[in-house]
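Visitor: First the structure, which I've put down as structure tokens, then a few questions once you've had a look.
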Amino acid sequence: MSTQLEIGRKNLREIIGDEYFEKRVNSTNDFNRPVREFSDEICFGDVWARPGLDRKTRSLLVIAILTALNRAPELKLHVQGGINNGASVQEIQEVLYQCIVYCGLPAGVGAFKVAEEALSELGKI
Numbered sequence: 002m003s004t005q006l007e008i009g010r011k012n013l014r015e016i017i018g019d020e021y022f023e024k025r026v027n028s029t030n031d032f033n034r035p036v037r038e039f040s041d042e043i044c045f046g047d048v049w050a051r052p053g054l055d056r057k058t059r060s061l062l063v064i065a066i067l068t069a070l071n072r073a074p075e076l077k078l079h080v081q082g083g084i085n086n087g088a089s090v091q092e093i094q095e096v097l098y099q100c101i102v103y104c105g106l107p108a109g110v111g112a113f114k115v116a117e118e119a120l121s122e123l124g125k126i
């Protein structure tokens with residue numbers, strides 16, 4: 002049986018894609034290893050592995066949360082992950098539009114810029 006850490010790494014690779022996953026693995030060092038293992042095990046091996054929501058829904062929720070927190074680098078990664086998890090460009094756009102009302106125009110506009118960059122890199126827009 003797979004450990005929670007192994008499950009998390011498998012899930013993370015599927016969500017963020019092979020290229021980013023390999024960059025992450027290759028940049029792991031003694032300093033950042035504990036936080037990455039925590040993230041892999043708890044975030045992706047436990048929370049993302051729960052049966053209550055599908056990955057697409059989880060991705061859309063994370064996009065909204067990262068917009069509210071104004072976390073651009075993570076937002077870009079999770080927009081790409083949302084596409085990998087089956088979210089459409091229109092669904093991502095609607096989530097960001099909804100965030101404008103609850104997070105404020107500056108946060109929403111910033112998130113649109115980040116998402117546009119991520120989606121352009123994927124050739125989706």
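For the sequence shown, the residue numbers in this note's numbering are 2 to 126. We put the beta carbon where it would ideally sit given N, CA and C, even for glycine. Computed from a predicted model, the values in this text were never measured in an experiment.
Pick from Ser40, Arg14, Glu7: whose alpha carbon is nearest that of Gly83?
Guide: Arg14
Visitor: Buried or exposed for Leu106, please, with buried defined as at least 16 other CB atoms from any protein chain shown within 10 angstroms of its CB.
Guide: Taking all protein chains shown into account, Leu106 has fewer than 16 neighbouring C-beta atoms within 10 Å of its C-beta and is therefore exposed.
Visitor: May I ask you to report which of helix, strand or coil DSSP gives Phe32?
Guide: coil
Visitor: Just the Cα atoms here: how many angstroms apart are Glu23 and Leu61?
Guide: 24 Å
Visitor: Where does Asn30 land, buried or exposed, given buried means 16+ other C-beta within 10 angstroms?
Guide: In the assembly as shown, Asn30 is an exposed residue. Its beta-carbon has fewer than 16 other beta-carbons within 10 Å.
Visitor: Three-state secondary structure (DSSP) at Lys125?
Guide: Residue state, collapsed to three classes: coil.
Visitor: Going straight from the alpha carbon of Glu42 to that of Ser3, what length do you get?
Guide: 12 Å
Visitor: Which of the three DSSP states, helix, strand or coil, is assigned to Ala50?
Guide: coil
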